DNA sequence: AGAGGTTACGGGCAGCGTAAGGATC
DNA sequence: GATCCTTACGCTGCCCGTAACCTCT
């Protein structure tokens with residue numbers, strides 16, 4: 013009588029306004045969703061959805077039930093966190109990560125996650141923050157480590173860490189003596205994050221305000237490639253020094269300083285405040301802990 | 013993952029401290045209970061019960077889960093009342109009833125119940141109030157209409173109705189002219205409710221205070237029999253006139269008045285405030301409505 | 001020996017997936 | 001015709017009940 017799984021399927025059907033999408037989300041077939049919704053409707057003796065041509069919409073009774081379904085799912089999440097041992101948490105966490113995080117403390121996070129929650133599989137998708145924002149809203153991601161916060165009522169943001177941007181170049185790159193002016197930096201190509209990203213826009217604005225001739229500005233979706241290009245002297249990388257810590261130590265890259273300052277970039281762990289966000293919230297707290305630890309900065 | 017039925021079985025197992033009793037309560041076999049508890053323990057990765065020789069007791073984690081199980085069941089109850097149409101409410105209501113109620117408005121209540129909740133079967137047990145109090149506490153009854161209220165934290169009382177007690181006799185019974193004194197009443201046997209009941213005790217006290225010789229006091233568990241005995245002139249019934257309304261109208265019985273006053277008896281609908289008390293609460297409200305209607309008093 | 005919980009085993013049925021059907025744009 | 005939900009159908013697997021077993025008093 014009113015199984016929890018039926019309510020969960022109902023919740024996703026109502027949220028996505030589609031039996032098909034709910035089926036995908038729940039990893040089942042669309043007729044199975046039809047059947048469970050029909051069973052709920054029969055059990056309560058009410059119609060939950062108006063079946064319209066291109067989508068389904070909740071009836072009044074359906075909206076009533078939705079609030080209860082959400083309460084049930086939240087209660088289940090709370091129960092799991094309260095009584096289940098961490099080892100018995102199972103599931104998949106679809107995690108979106110900024111590449112900057114990949115190159116700093118992601119591995120530490122994954123290691124901590126694996127030891128604390130061995131039953132959880134983490135699906136990692138590396139992307140730029142704006143795409144991940146959309147993916148979070150579409151529920152294609154459970155959690156993202158991105159440039160934030162994203163101020164929206166449906167999203168929860170936990171501060172993670174802040175990194176600086178610096179001008180990074182190969183040791184042999186010729187920049188002349190003394191303080192390095194912006195004009196002199198621009199004698200080399202600049203290499204940074206893709207368009208639409210926070211660092212790219214920051215850099216672009218700084219350059220625009222300088223009234224200097226348009227620079228050669230390469231954007232690259234692969235941070236590794238940016239690093240490699242800088243190492244080979246193709247240009248100056250505009251990236252956080254934290255991601256090239258080893259290169260700096262080994263002397264294969266150097267920070268150009270003193271030089272014009274660039275703004276910091278702050279990261280957040282961001283997830284949808286959905287009724288089933290238990291794993292995401294837990295992982296976000298763990299990430300905040302890892303990111304706050306100074307170890308990964310050396 | 014954490015089915016509602018499992019939580020319900022867990023709830024009863026914890027409440028009754030016994031797998032066996034929980035199985036009886038849930039209308040299933042004892043191994044089925046074992047299996048579901050074992051499944052819960054495996055799912056959460058914790059031990060819920062300490063299996064002791066003669067009974068089982070909750071562990072700390074088990075107590076944690078119990079609060080969640082109760083919240084789940086209450087939420088389900090609330091959901092059913094909010095979204096389910098009355099016609100789709102199914103189940104059995106184990107109802108205990110004072111015989112006085114049987115002879116006044118119980119039939120109206122049953123009729124209203126059947127039309128409002130055709131899917132509900134009502135199991136009626138007629139008994140005296142003290143027994144029903146115990147049955148409520150043992151969870152052998154879901155709801156009782158009894159002489160109340162019973163002030164206990166685990167019980168909910170709704171006021172139903174109040175009836176008077178009167179001296180009822182056959183028309184031809186000789187009591188002499190004018191006002192009827194207690195002494196003259198006692199020239200006949202008195203017939204009333206069984207020992208341990210409120211009317212019996214009230215009557216006994218009144219007689220004790222009068223310093224009159226001990227009366228012939230017949231107690232009878234069957235109100236119908238009391239009525240019949242009064243009608244046949246065997247004695248004077250000390251019962252509410254409401255239960256013999258038709259006899260009074262037909263003239264086959266009469267109220268002896270003026271005569272010493274007896275205290276009123278008030279009834280309540282009483283049920284355990286358990287997580288699954290939805291049907292009991294609903295029925296109690298319906299009963300209060302029926303009892304408040306003046307129709308059954310004529 | 002008896003009460004109460006666990007383990008073993010066989011059968012029934014709920015629920016799933018595949019596939020075909022129907023409605024609406 | 002494309003999309004989306006419904007219906008039909010065969011199958012798997014869960015869950016239940018019976019029965020035998022174990023343990024503690």
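Protein chains in written order, with this note's numbering: chain A, 13 to 310; chain B, 13 to 310. Yeah, the Cβ is synthetic: ideal placement off N, Cα and C, and Gly gets one too. Just so we're clear, the structure is a prediction, and the values are computed from it rather than from any experiment.
Let me check understanding here. Comparing Cα to Cα, which of the options lies closest to residue i?
i	options	result
residue 238/B	182/B, 50/B and 198/B	182/B
residue 27/A	68/A, 161/A and 263/A	68/A
residue 318/B	184/B, 199/B, 219/B and 156/B	There is no way to answer for residue 318/B, as the model of chain B reaches only from 13 to 310.
residue 244/A	265/A, 234/A, 255/A and 227/A	265/A
residue 55/B	62/A, 99/A and 79/A	99/A
residue 212/A	116/A, 275/A, 256/A and 29/A	275/A
residue 232/A	297/A, 206/A and 184/A	206/A
residue 132/B	105/B, 25/B and 254/B	105/B
residue 175/A	127/A, 115/A and 149/A	115/A
residue 82/B	79/A, 134/A, 88/A and 82/A	88/A
residue 95/B	235/A, 14/A and 290/A	14/A
residue 257/B	246/B, 236/B and 271/B	236/B
residue 317/B	90/B, 79/B and 118/B	Only positions 13 to 310 of chain B appear in this structure, which leaves residue 317/B out of reach.
Return the chain-ordered list of same chain residues with a C-beta closer than 7 Å to the C-beta of residue i, the five sequence neighbours on each side being excluded.
i	result
residue 48/A	18 and 21
residue 151/B	284
residue 172/B	157, 279, 280, 281, 299, 300 and 303
residue 195/B	224
residue 136/B	107 and 109
residue 124/B	298 and 302
Ignore the nearest five residues each way along the sequence and tell me which others in residue i's own chain have a CB closer than 8 Å to its CB.
i	result
residue 59/B	53, 71, 73 and 74
residue 215/B	177, 202, 204, 229, 250 and 274
residue 30/A	67 and 68
residue 248/A	179, 180, 181, 185, 197, 200, 201, 202, 203, 242 and 268
residue 170/B	280, 281, 282, 296, 297, 299 and 300
Taking the straight line between their C-alpha atoms, what separation do you get for residue i and residue j?
i	j	result
residue 308/A	residue 259/A	14 Å
residue 140/A	residue 110/A	6 Å
residue 168/A	residue 142/A	16 Å
residue 101/A	residue 209/A	35 Å
residue 51/A	residue 130/A	36 Å
residue 62/A	residue 144/A	32 Å
residue 166/A	residue 138/A	22 Å
residue 161/A	residue 286/A	18 Å
residue 163/B	residue 295/A	48 Å
residue 199/B	residue 37/B	51 Å
residue 76/B	residue 305/A	33 Å
residue 16/B	residue 44/A	20 Å
residue 34/A	residue 42/A	8 Å
residue 2/B	residue 112/B	Because chain B in this structure spans residues 13 to 310, residue 2/B falls outside the shown range and cannot be described.
residue 64/A	residue 32/A	14 Å
residue 92/B	residue 122/B	21 Å
residue 5/A	residue 103/B	Limits of chain A in this structure are 13 at one end and 310 at the other, which puts residue 5/A out of reach.
residue 331/B	residue 127/A	Here chain B covers residues 13 to 310 and nothing more, so residue 331/B does not appear.
Go ahead and pull the three-state DSSP assignment for residue i.
i	result
residue 229/B	strand
residue 8/B	Past the boundaries of the shown model lies residue 8/B; chain B is included only from 13 to 310, so the question cannot be answered.
residue 169/B	strand
residue 266/B	strand
residue 202/B	strand
residue 261/A	helix
residue 104/A	strand
residue 14/B	coil
residue 97/A	coil
residue 280/B	strand
residue 141/A	helix
residue 24/B	helix
Apart from the five residues on each side of it in sequence, which residues of its chain come closer than 6 Å, Cβ to Cβ, to residue i?
i	result
residue 84/A	19
residue 292/A	154, 155 and 283
Against chain A: residues of the region 79 to 110 of chain B by CB proximity under 8 Å
80, 83, 84, 87, 88, 90, 91, 92, 94, 95, 96, 97, 99 and 100
Which of the residues in the region 37 to 58 of chain A, read from start to end, lie with their CB under 7 Å from any CB of chain B?
55, 56, 57 and 58
Within 9 Å of chain B by C-beta, residues of the region 135 to 160 of chain A in sequence order
none
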